[in-house]
Each structure stands twice: as C-alpha cells, then as structure tokens.
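In what follows, a structure is listed as structure tokens, so that the remarks can point back to it.
Protein chains: 2
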Amino acid sequence: MTALEQLRGRLAELADLASIEMLTSWDQLVMMPADGAEARAHQLGALARLTHERATAPEIGTWLDELDAGARAGERIDALEQDVVRLARRDWERARRVPEELAAELAQASAAGQESWRVAREHDDFAAFLPALTRNVELARAYGECVAEDGQSTYDALLADYDYGLSTAELRRLFGALAGALAPMVEDARAHSPRRSIHAPVAAQHAAVAGTLARLGVNARGWRVDVSAHPFTAWVGRGDSRLTTRYSDGEIESLLSSLHEYGHALYERQVDPALERTNLGGGTSMSIHESQSKLWENHVARHPAFAEVLAAELAAGGFAVAPTELHAALVGVEATPVRVSADPLTYPLHIVARFELELAMIEGELPTSELPGAWREAMRRLLGIEVPSDALGCLQDVHWGAGSFGYFPSYALGCLIAAQLWEALEAQLGPRDQALRNGEVGAIQEWLAEHVHRHGRRLDTIPLLERATGHALEIDPFLRYVGPLAGR
Amino acid sequence: MTALEQLRGRLAELADLASIEMLTSWDQLVMMPADGAEARAHQLGALARLTHERATAPEIGTWLDELDAGARAGERIDALEQDVVRLARRDWERARRVPEELAAELAQASAAGQESWRVAREHDDFAAFLPALTRNVELARAYGECVAEDGQSTYDALLADYDYGLSTAELRRLFGALAGALAPMVEDARAHSPRRSIHAPVAAQHAAVAGTLARLGVNARGWRVDVSAHPFTAWVGRGDSRLTTRYSDGEIESLLSSLHEYGHALYERQVDPALERTNLGGGTSMSIHESQSKLWENHVARHPAFAEVLAAELAAGGFAVAPTELHAALVGVEATPVRVSADPLTYPLHIVARFELELAMIEGELPTSELPGAWREAMRRLLGIEVPSDALGCLQDVHWGAGSFGYFPSYALGCLIAAQLWEALEAQLGPRDQALRNGEVGAIQEWLAEHVHRHGRRLDTIPLLERATGHALEIDPFLRYVGPLAGR
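Protein chains in written order, with our numbering: chain A, 79 to 566; chain B, 79 to 566.
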C-alpha cells in the first residue's frame with residue numbers, strides 16, 4: 079500500500095471511531111438505564127484512549143513525510159487528497175504537541191471539575207467550585223502553551239481547537255463593537271418586543287415538532303427525534319441523524335430547539351459524500367456549526383412568515399394560536415440572567431461576558447476567586463441586570479467545570495455568521511417570505527449545501543464565510559436582524 | 079507496570095470494546111434508522127479489526143512469557159489471576175493461529191453468504207445459495223484445521239469456539255441417544271399434549287410481559303425491554319441489560335421469548351463483580367448461556383404453577399384465560415418444519431438434524447449440493463414430517479449462510495443442561511411449585527448465581543456442570559422433563 083492509502087485507511091478508522099463515540103454518547107443521554115453509567119464511563123474512556131493512540135501514532139508521521147518527499151519529487155495527488163494530507167498533518171502535529179501526562183491530567187480534571195460544578199451549582203456554593211476552576215484554568219493555560227503555533231497567544235491556541243484561524247484580537251474587536259451596539263438596544267427592545275408566554279400543551283408541541291420537521295425532510299428512514307434533558311444532535315452516519323428536544327407545558331422552546339438541532343444535523347448530512355470517512359467529512363468549526371443551527375432557529379423558526387407554518391402545525395396538534403401572536407412569543411426580548419433561555423437579541427451579550435471573563439482568567443488578569451464579582455459587573459454593564467445568585471450567575475454553565483475555554487465565542491459567532499449567510503442567501507435567491515409562508519425550504523437547503531455544507535473541513539471558518547458571502551466576518555447583518563426588535 | 083498489570087489493562091480494554099460492539103449491534107437492530115446501515119457496517123468493521131489487532135498483538139505473548147518465567151521463578155499470583163492468565167493464553171494462541179488473510183476471507187464470506195441466503199430463502203431457491211454454502215464450508219474447514227489442537231478433529235475445533243472442551247464423539251453419543259428416545263415420543267405427545275392457540279391481544283401480552291419481568295426484578299434503572307424483529311439480549315454493562323421481544327396478535331410467543339432472553343441477561347448480571355473488565359467476566363459458553371435462557375423458558379415460563387402468574391398478568395392487561403388452558407398452550411406439541419417456533423419436545427430433534435448434517439458437510443461426507451435431500455430425509459426420520467419447501471427446510475436458518483458451523487449443538491445442549499440444573503436446584507431447594515405459583519423466584523436466582531453465574535469463564539462447560547449438579551452431561555433429566563407431554 080502507498081503512504082496515501084495507509085493514511086486514508088487510518089483516517090477512515092478514526093472517522094468510524096468518532097461515529098461510534100457519537101453513538102455511545104447519544105445512547106448514554108437518551109437510552110441508557112441509569113445503572114449503566116459506571117460501565118459507560120469505562121467504555122468512553124477506552125474509546126478516547128484508543129482514538130488518541132491511533133491519531134497520534136508515529137506511523138502517521140512516517141506516511142506524511144513520505145507524502146512530502148513524493149510531492150517534492152513531483153508526484154501528483156488531486157486537490158481533495160491534498161486537503162486530506164494538509165489537515166492530517168495539522169491535526170497530527172497539534173495532537174502530538176500534548177504530552178501524555180498532560181492529556182491524562184486534562185481528562186481527569188475535566189471529569190472531576192464537572193462533578194464539582196454540579197454539586198456547587200446545586201448548593202449555590204462558588205467556594206466549593208473554586209479549586210476545580212483554578213485547576214482547570216491552570217491546565218488550560220498549560221495546554222494552550224503546548225499547542226500554540228508561532229506568534230499565537232495562549233488563548234489563540236485554545237480557540238483553535240474550536241475555530242481554527244480565529245484570533246483573540248479579532249474577537250476583542252468584533253465583540254467590543256457588538257456589545258457597544260447591542261447593549262443600548264436592550265431597554266428599547268424590552269418595551270418594543272416584550273417577552274410573552276404561550277401555554278401550548280406538550281401534546282400539541284409534540285405534534286407540531288413532528289409535523290414541522292417532516293416538512294423539512296425529517297423521516298424515519300434517516301432520522302430519529304427523541305427527548306433528552308438538554309437538546310442535542312448526534313450524527314452517527316450520513317443516513318443516521320439523531321436530534322433531541324425537550325417539552326414543558328408552559329414553554330414553546332421545543333419549536334425553536336428542534337429547528338436549532340435540525341440545523342446541526344443538516345450540516346453533517348449535506349457534506350460532500352466524497353469526503354465521507356476521511357478527516358474532512360464533518361463540519362469545519364464550532365462557529366460554522368452553530369451558524370447552521372442559529373440559521374434555522376433565528377432566520378427560519380423566528381421568521382414572521384414561518385410562524386404561519388408553526389401555527390398550522392400547532393393547530394393540527396389541537397392548539398389554536400394566531401401566527402402573529404406565536405411569532406411575538408418566539409422573538410420577545412427580556413434581559414434575564416440565564417443564557418440558554420435568552421432571546422435572540424440579548425443572547426450574544428451573555429457570550430461577550432463569558433469571552434471577556436475567560437480571556438481574563440487565562441491571561442491571569444482575573445484571579446479565579448474574583449469571578450463572581452466580575453460576573454455581576456459584566457451582567458450589569460452588558461444587560462443591565464442584577465444577578466440573584468451564583469447558581470444563576472457564573473455557575474450556570476458546565477463549560478469551565480469541564481475545562482472548556484475558548485468554546486463560548488462560537489455561540490455568538492454562530493449568531494453573527496447565520497445572519498451574514500442569511501443575507502447572502504436572500505440576496506441570491508430573493509426574499510424567502512413567500513416560500514417560508516408555504517413551508518418550502520428546498521432552496522435554502524440547496525444554497526447551504528452548495529455554499530457551506532459540502533465543503534466539510536476543506537475550508538476553515540473565515541475562508542468559508544468569505545467565499546459564501548463575499549465579506550469578512552462582520553456584525554452588521556446581525557444588527558439588521560435584531561434591529562426591528564428594538565424598533566430600529 | 080508489571081506484565082500482569084499490562085495484561086489486565088489490555089483485557090479491560092478488550093472487555094470495553096466488546097461492550098461497545100454489543101451496544102452498537104443492539105442499536106442497529108432496535109434503534110437505528112434504516113439509512114444508517116452502510117455507515118454502521120463500516121463502524122462494526124472498524125471495531126472488529128481493532129479488536130482483532132489488540133487481541134492478537136505480539137506484546138500479549140511477551141507479557142504471558144514474562145508471567146510464565148515469573149511462575150517458574152516462584153512468583154505467586156492469586157487463583158483469580160491464574161485463571162486470567164490461563165484464559166488469556168488460550169484465547170491469544172487460538173486467535174494467533176488464524177492467518178490474517180483467512181480471517182478477512184471468513185468475514186467477507188460471512189457477509190456475502192448472509193446476503194445470498196436472504197435472497198435464496200426469499201425465492202425458495204437453494205441453487206442460488208449453493209455457491210455461498212460451498213464456500214463457507216470450505217472456509218470453515220480451513221479455519222478448523224488452523225485452530226485445531228493436538229488430536230482434535232476439524233469439527234472438534236469448530237465446536238471449541240462456542241463450547242470449549244466438548245468433543246464431536248461425545249455429541250454423537252448424546253444426540254444419538256436423545257434422538258432415539260425423543261423421536262418415538264413425538265406421535266404420542268401430539269395426541270396427549272396437542273398444540274393449541276391462544277389469541278391474546280398484543281396490548282395484553284405487552285402488559286403481561288412488563289408485569290412478569292417486573293416480578294423477576296426487571297426495572298428501569300438497570301434494564302431496557304424493547305421490540306425487535308428477532309428477540310435477543312445485549313449486556314452493555316453490569317447495570318445495563320437490554321432484552322427484546324416481539325408481539326403478534328395470534329401468538330403468545332412473547333411470554334416465552336421474554337423469559338428466555340431474561341435468562342441470558344440474568345447470567346451476565348450475576349457474574350462475580352471481581353471478574354468485571356477481565357477476560358473472565360462473561361458467560362462461559364454458548365451451551366451454558368442457552369441453558370440459562372432455556373431454564374427460564376422451559377422450567378419457569380412453562381411450569382404449570384407459573385401459568386397462574388402469567389394468567390394473572392394477562393388478566394391485569396385485560397385478557398382472561400384459565401391458567402391450565404394457558405399452560406396447555408405453552409407446552410402443546412406438534413412436529414412442524416420450523417425450529418424457532420418448535421415446542422419443547424421436538425425442539426432438540428431439529429438441532430440433532432442440523433448437527434448430523436453440518437458434521438457430514440464439514441467431514442466431506444455430504445456434498446453441499448445434496449443438502450436439501452438429506453434435510454428432507456432427516457426431518458422424515460426424526461420428526462416424521464414432509465418438508466414443504468427449502469425455504470421452510472434447509473434455508474430456514476441464517477447460521478450456515480453466516481459461516482457458523484459448530485454453533486447449532488448449543489441449542490440442544492442448552493435444553494439438556496437446563497433440565498439437569500433444574501433437577502439439581504429442586505433437589506437442593508425442594509420443589510418450586512409453591513414459590514412459582516406466588517411468582518417468587520429469588521431462591522432460583524440465588525442458586526443460579528452461586529452455582530453457575532458467578533464463575534463467569536473460570537469454569538468451562540463440563541466442569542461447571544459437574545460441579546453444579548454432581549453429574550456428567552446427561553439426557554435423562556430432559557427426558558423426565560418432556561416425558562409427561564407424551565404421557566410417560
């Protein structure tokens with residue numbers, strides 16, 4: 079076998095292992111009996127260790143060196159294979175830079191930190207979480223220093239795990255401008271588009287979710303739709319997409335979260351089949367992935383025309399509501415302390431706060447012990463609210479407990495990129511109002527496949543975005559999207 | 079790390095991989111959308127290749143040699159560790175004897191053979207299956223020759239994959255005696271205990287299965303009960319047992335099959351926790367596993383006293399039936415061509431026929447092209463019936479299409495061993511009639527845990543049986559069990 083064949087064989091194996099890990103995690107959250115937890119931790123641990131060993135094995139370096147030598151000697155490989163080799167080298171070198179002991183410490187601290195966080199949040203006791211947080215910040219810093227490339231700061235290096243090619247400086251600039259524009263709009267939006275509730279029974283929501291997803295192409299041959307404590311998506315194979323949602327009687331979150339998860343699933347389904355079982359066969363970054371979920375959540379589910387579809391599906395499930403009233407409930411604005419239930423306008427401000435705080439912790443400017451105070455200050459400044467407790471403040475998210483630093487920005491970038499893609503899409507296809515009123519999304523799916531999905535990992539976040547929209551990453555499309563909520 | 083620690087680490091990894099394979103297969107049959115099949119085949123292939131590579135790796139030989147040297151030098155390891163090392167050497171040497179090309183050919187021929195079998199059965203076209211069957215017999219013979227130990231015949235060697243320590247000569251003797259005793263009983267049993275149907279609605283069966291399993295300790299914390307095309311059991315972890323059953327309106331098969339699968343699951347749950355994630359932590363052989371399912375199917379579900387429990391559970395589900403009538407339906411005898419729906423008396427005769435035929439094919443005495451005729455002759459001789467078609471004859475089971483030779487005997491051995499264990503259990507605990515009438519099975523579970531389950535793989539089939547019952551493998555307990563059906 080040639081070096082390329084051997085490399086592609088290993089990459090196919092790693093893709094299969096990643097799918098198995100996805101399935102195993104999905105099962106844990108959706109199907110597993112509770113008493114299976116201990117064995118499942120062992121199983122996931124074994125998969126992670128095996129994957130790490132196979133992904134960092136020295137023979138990959140040998141194959142890559144042989145391919146380099148071949149290229150220097152004038153051997154030709156096609157453009158797809160060049161991308162396979164380019165990303166294989168990037169991933170392999172990055173993974174090899176982490177000493178085994180550090181990788182083990184990170185995994186151990188992540189598990190312990192999540193447990194510490196769970197208990198601390200339950201008792202609203204930040205002090206109980208502080209040692210784990212401090213340890214996680216130290217380890218993340220050590221990890222960032224290991225993987226940093228020339229000229230990268232530690233936080234730059236952490237970012238690259240989720241969004242290769244983004245820089246801290248660029249995020250500072252973007253998020254600064256975003257906060258500067260959004261924060262003054264919050265008060266106006268509260269008056270202009272006040273939050274209101276709709277009490278649709280769970281059975282009607284269930285029927286509406288099924289009916290709406292069916293219109294988008296979700297069928298039993300290639301999809302599962304289940305319930306879990308927190309909505310998420312698993313892609314177990316090209317024809318095996320699994321999304322979850324959750325239902326509560328007083329909320330209509332299920333309509334938004336199911337379309338959000340659908341966006342993640344559609345991205346993975348529409349990657350070019352030629353990339354399957356290579357290292358290029360998945361979504362390219364966390365921010366592009368989040369842009370796909372946000373596009374379906376913000377620009378389809380929250381579109382006034384699509385409210386007619388959602389209202390019709392709720393009516394078919396036995397719950398009557400006027401489309402205008404439903405739309406108003408889906409976009410109502412209110413500054414509250416909790417990120418996951420935030421409205422479309424205030425949501426990115428929750429992220430800006432987290433970005434500022436985690437950057438300051440990683441850079442050593444904010445001692446971890448001072449996080450609660452800094453959190454309250456940020457919420458006051460950005461959202462104009464007082465945080466009632468740490469449980470509803472700096473303890474609300476699992477990320478820092480799990481040791482994830484550099485992840486939060488993708489949530490806000492997803493909002494920005496979704497708006498930017500949506501404008502480009504409508505500029506090319508024309509306004510979507512009439513099509514969405516009829517529940518027709520075929521042209522949207524095709525546009526996304528062509529401009530975003532099919533590329534898989536062949537293009538990183540920024541080149542992908544520039545090619546799809548003709549513009550660098552910008553905040554104006556998002557501001558135009560949320561402007562009407564504040565009467566702008 | 080010592081050689082023993084390294085070995086145990088690898089064995090733990092292999093146990094985790096086996097659990098993941100179990101979960102992945104369970105999902106495929108119970109949860110997976112149909113379009114996920116192609117990706118799933120890749121995933122299972124990757125798991126199988128990785129498992130084979132890790133299980134046959136040369137470093138295992140090095141560790142085993144170091145352990146041997148240590149033992150010669152007087153180093154002591156405890157009895158459990160001795161069994162770990164003993165089985166590790168047996169498994170490793172056996173797996174190493176198969177050349178990689180042959181292993182790949184076997185896997186490929188098994189997949190192709192199953193597909194060929196599926197099509198041939200659908201069209202009742204044995205000729206279409208003949209090339210795949212011939213190939214599978216040749217490959218099984220080649221495989222058996224590779225793994226045969228000193229003095230073993232090829233079929234002995236195949237048997238050892240399912241039941242280590244059994245010999246073809248012993249099976250010939252046992253099955254010959256069994257057929258000689260059973261075949262004359264078939265006609266009497268047809269008259270004495272005729273087959274009769276009970277038409278319980280699916281909803282009532284569903285309620286009865288849930289209610290009965292709950293009495294046996296099945297709860298949502300540690301079990302799943304689902305529906306699949308063919309009932310089976312998956313053990314994903316000590317606290318994660320998953321059984322399936324199936325329902326049809328005109329049959330009460332679900333009551334038998336759910337208790338059958340429960341028996342498999344209970345075996346794995348009650349292995350000594352100290353054996354978990356070692357090479358000893360599962361059931362010891364196919365025949366002992368089948369004895370556990372048959373014990374709950376034949377000796378509990380088909381017990382006249384337990385019919386009162388089943389009838390009460392059906393009544394709770396809205397279907398009234400007299401316990402005596404229900405029991406009569408669960409044990410009714412009729413010689414029919416199909417194994418999977420056979421009654422308890424004729425079932426082992428189906429297996430005797432398959433044993434004779436596959437042994438003759440492996441030994442080259444029966445050309446594969448003559449299988450249909452030989453099948454008809456065997457069914458006439460053993461069951462007194464004419465086979466209406468190959469689809470309901472030699473094409474009814476997937477096993478030979480999948481390349482499994484030496485597997486069938488365990489089905490009949492399971493019946494024999496179950497009866498032998500049940501007699502030993504009642505000899506020690508006293509008759510179970512009153513307890514079963516009350517739905518009390520705690521003492522049965524405990525007896526099985528102590529005498530069968532806890533040992534895991536530490537004892538092979540025959541030593542386990544002799545220790546549990548004080549007797550060698552024999553047919554008389556089974557004949558005493560089915561005798562009353564024929565009025566004996």
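Glycine included, each C-beta is placed from N, C-alpha and C at the ideal position. Given the structure is predicted, the values throughout are model-derived calculations rather than measurements.
Amino acids of chain B, ordered along the chain, whose beta-carbon sits closer than 7 Å to that of A:ASP113 = ARG299, GLY300, GLY317 and ASP318
Best match in B:THR140, B:LEU537 and B:PRO111 for proximity to B:VAL349 [C-alpha to C-alpha] | B:LEU537
Mapping DSSP to helix, strand and coil, what is B:PRO209?
-> B:PRO209 sits in a helix when the DSSP states are folded into three classes.
Taking Cβ to Cβ, would you say B:MET100 is nearer than 8 Å to B:TRP313?
-> yes
Of all Cβ atoms in chain A, is any one closer than 8 Å to the Cβ of B:THR102?
-> yes
Cβ-Cβ distance between A:THR212 and A:THR424 below 8 Å | Taking 8 Å as the Cβ cut-off, A:THR212 and A:THR424 do not qualify as a contacting pair.
Under 8 Å between C-beta atoms, does B:ALA117 make it to chain A?
-> yes
Selection from A:LEU494, A:ALA394 and A:HIS338 that minimises the alpha carbon distance to A:LEU294 = Of the listed residues, the one whose Cα sits closest to A:LEU294 is A:HIS338.
For B:ARG593, the nearest candidate out of B:ALA383, B:VAL530 and B:ALA490 (CA to CA) | Because chain B in this structure spans residues 79 to 566, residue 593 of chain B falls outside the shown range and cannot be described.
Would you report the Cα separation of B:ALA205 and A:PRO351, rounded to the nearest angstrom?
-> 37 Å
Give the straight-line distance between the Cα atoms of B:GLY462 and B:LEU526, rounded to the nearest whole angstrom.
-> 37 Å
Can B:GLN539 and B:ILE330 be called in contact, C-beta distance under 8 Å?
-> As written in the sequence, residue 539 of chain B is Thr, which differs from the Gln given in the question. Taking 8 Å as the Cβ cut-off, B:THR539 and B:ILE330 do not qualify as a contacting pair.
Provide the residue span of the beta strand (DSSP E) that contains B:VAL314, from first to last.
-> Residue range 311-315 is occupied by the beta strand (DSSP E) that includes B:VAL314.
Looking at C-alpha atoms only, which residue of A:ASP318, A:LEU449, A:THR134 and A:ALA285 is the closest neighbour of B:GLU116?
-> A:ASP318
Based on the DSSP secondary-structure assignment, which residues constitute the bridge partners of B:TRP301?
-> B:SER319
Could you give the distance in angstroms between the alpha-carbon of B:PHE486 and the alpha-carbon of B:GLU346?
-> 21 Å
Just by C-beta distance, which residues in the segment 149-179 of chain A are closer than 9 Å to chain B?
-> Look at the segment 149-179 of chain A: it has no residue with a C-beta under 9 Å from a C-beta of chain B.
Could you tell me the boundaries of the alpha helix (DSSP H) in which A:PHE433 lies?
-> Residue range 425-440 is occupied by the alpha helix (DSSP H) that includes A:PHE433.
Closer than 7 Å at the beta carbon, the chain B residues around A:MET457 | None at all; the shortest Cβ gap to chain B is about 40 Å.
Go to B:LEU526, then tell me how far its alpha helix (DSSP H) extends in each direction, as first and last residue.
-> 520-529
Would you please verify whether the beta carbon of A:ILE138 is less than 8 Å from any beta carbon of chain B?
-> no
Compare the beta carbon distance of A:ALA490 and A:VAL430 with 8 Å and say whether it is the shorter of the two.
-> yes
B:VAL296 - DSSP class collapsed to helix/strand/coil = Residue state, collapsed to three classes: coil.
Which residues, in chain order, does the segment 344-371 of chain A contribute to contact with chain B at a C-beta distance below 9 Å?
-> Result list: GLU354 and ARG355.
Could you tell me whether any Cβ in chain A is nearer than 8 Å to the Cβ of B:SER97?
-> yes
For A:THR311, collect the residues of the same chain with a Cβ closer than 6 Å to its Cβ; drop the 5 residues on either side in sequence, then sort them by chain order.
-> LEU321, GLU339, HIS342 and ALA343
Contact list for A:LEU208 against chain B, beta-carbon separation under 8 Å | Residues of chain B passing the Cβ test: none, with the nearest at roughly 33 Å.
On the three-state DSSP scale, how would you describe A:PRO272?
-> strand
A:VAL465, DSSP secondary structure in three states | coil
Take every Cβ of the segment 183-203 of chain B, pair it with every Cβ of the segment 462-478 of chain B, and state whether three or more of those distances are shorter than 8 Å.
-> yes
Beta-carbon neighbours of A:GLN230, restricted to chain B and to distances below 8 Å | By Cβ distance, chain B contributes nothing, its closest Cβ being about 34 Å from A:GLN230, past 8 Å.
How would you call B:PRO309, buried or exposed, if buried means at least 16 neighbouring beta carbons within 10 angstroms?
-> buried
Should B:SER326 and B:VAL287 be called a contact, given that it needs their Cβ atoms to be closer than 8 Å?
-> Not in contact: B:SER326 and B:VAL287 (Cβ atoms no closer than 8 Å).
Does B:MET110 come within less than 8 Å of chain A when only Cβ atoms are used?
-> yes
Are the beta-carbon atoms of A:THR246 and A:LEU237 separated by less than 8 Å?
-> yes
Nearest-angstrom Cα distance between A:ALA282 and A:TRP374?
-> 21 Å
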